[in-house]
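The numbering of the sequence shown is full-length UniProt numbering, which starts it at 1 and goes up by one. Beta carbons are placed, not taken as given, at the ideal position from N, Cα and C, and that holds for glycine.
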Amino acid sequence: MAESNKTTAQFSNVHIGFKGYVDGSIEFYGDRIELLTGYSREDFNSKKIKWTDLILEEDAGNSSEIFKQTLKTDKTYARGYRIRIKNGDIRWIQEISLITCDENDRAKHITGVLMDITDQQKREEARLAAECKTGKYLRVWG
C-alpha cells in the first residue's frame, strides 16, 4: 500500500510537452513520459508505439470529431481521456493542444501538454459516490 501511494505521488503534477502528427505518432519533450506511461520517449519518437495506442477505445471515439471541430475554430482544444499504461493501470489525462496548419489550412502537427489528472478524478468519483450514499443525488440504474 505504501508503495502504491508513493507511485501515485510521483504521478501527481506530471506535465509533459509533446508534438503530435496526423498519423498518430508523437514526439515527447523530456523523459517524464516514461514516469507516466512506463514507455520511454524513444519508444514513441521511434514510432514503436503511438500515443493513440494507449487511449482506451471507449474514450478514443470522439477524437476525430473534436479534431474536425477544432479546425473550424481557433485551433485550440482541451480534452480528457484515459490511457492504459505499460503495467496495465489506467491513468486519466487532460490534454491541452494547438493544431498548426500548413498554407492550405491542412493540419500539419499538434503541440501541447499532457497532464496526469488521475488523483483529481479519483477524488471527484469518491465525492460523488459519497453524495449518492447520503441521498444528495438520486442514482438511476438502467
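Which residues does DSSP list as the beta-bridge partners of residue i?
i, result
"Gln69", "DSSP, once it has assigned bridges, lists no residue as partnering Gln69."
"Ala126", "In the DSSP output, where bridge partners are listed per residue, Ala126 has none listed."
"Val113", "Gly17, Ile96"
"Phe28", "Phe18"
"Tyr81", "Ile93"
"Ala107", "Cys101"
"Ile49", "Per DSSP, none; premise fails for Ile49."
Do residue i and residue j have their C-beta atoms closer together than 9 angstroms?
i, j, result
"Arg32", "Ile16", "yes"
"Ala107", "Leu71", "yes"
"Ile93", "Asp119", "no"
"Trp51", "Ile85", "no"
"Ile55", "Ile83", "yes"
Any beta carbon of chain C sitting closer than 9 angstroms to that of residue i?
i, result
"Glu103", "This model lacks chain C altogether, as it is built from one protein chain only."
Who are the Cβ neighbours of residue i in its own chain at under 6 angstroms, not counting the five residues just before and after it?
i, result
"Glu3", "Bear in mind that the predicted position of Glu3 carries a pLDDT of just 44, short of 50, making it unreliable; the figure below should be weighed with that in mind. Here the set comprises nothing."
"Phe44", "Ile26, Phe28"
"Arg41", "Phe28, Asp31, Ile33"
Assuming residue i and residue j form a contact by the criterion Cβ under 8 angstroms, report the distance between their Cβ atoms to the nearest whole angstrom.
i, j, result
"Ser59", "Tyr81", "In the sequence under discussion, the amino acid at residue 59 is Asp, which differs from the Ser named in the question. Contact holds; Cβ gap of about 4 angstroms."
"Val22", "Leu36", "About 23 angstroms; that fails the 8 angstroms criterion."
Only counting the same chain, and skipping five residues up and downstream in sequence, which positions put a Cβ closer than 7 angstroms to that of residue i?
i, result
"Lys6", "With a pLDDT of only 45 at Lys6, under 50, the local geometry of the prediction cannot be trusted, and no value is derived from it."
"Lys47", "Ser25"
"Ile66", "Tyr77, Arg79"
Report all residues from its chain with a CB closer than 8 angstroms to the CB of residue i; omit the five preceding and five following residues, and keep chain order.
i, result
"Met1", "Here the model assigns Met1 a pLDDT of 42, short of 50, so the residue's position is not dependable, and the following value carries that caveat. Excluding positions up to five away in sequence, the list is empty."
"Asn87", "Gly38"
Query - At least 3 beta-carbon pairs within less than 8 angstroms: the region 67–85 vs the region 101–121 - result: In short, these stretches touch, since the Cβ pair count reaches three.
**Report entry** Segment contact, 8 angstroms Cβ cut-off, at least three pairs: the region 124–135 with the region 96–105
**Finding:** Not touching, per the Cβ criterion.
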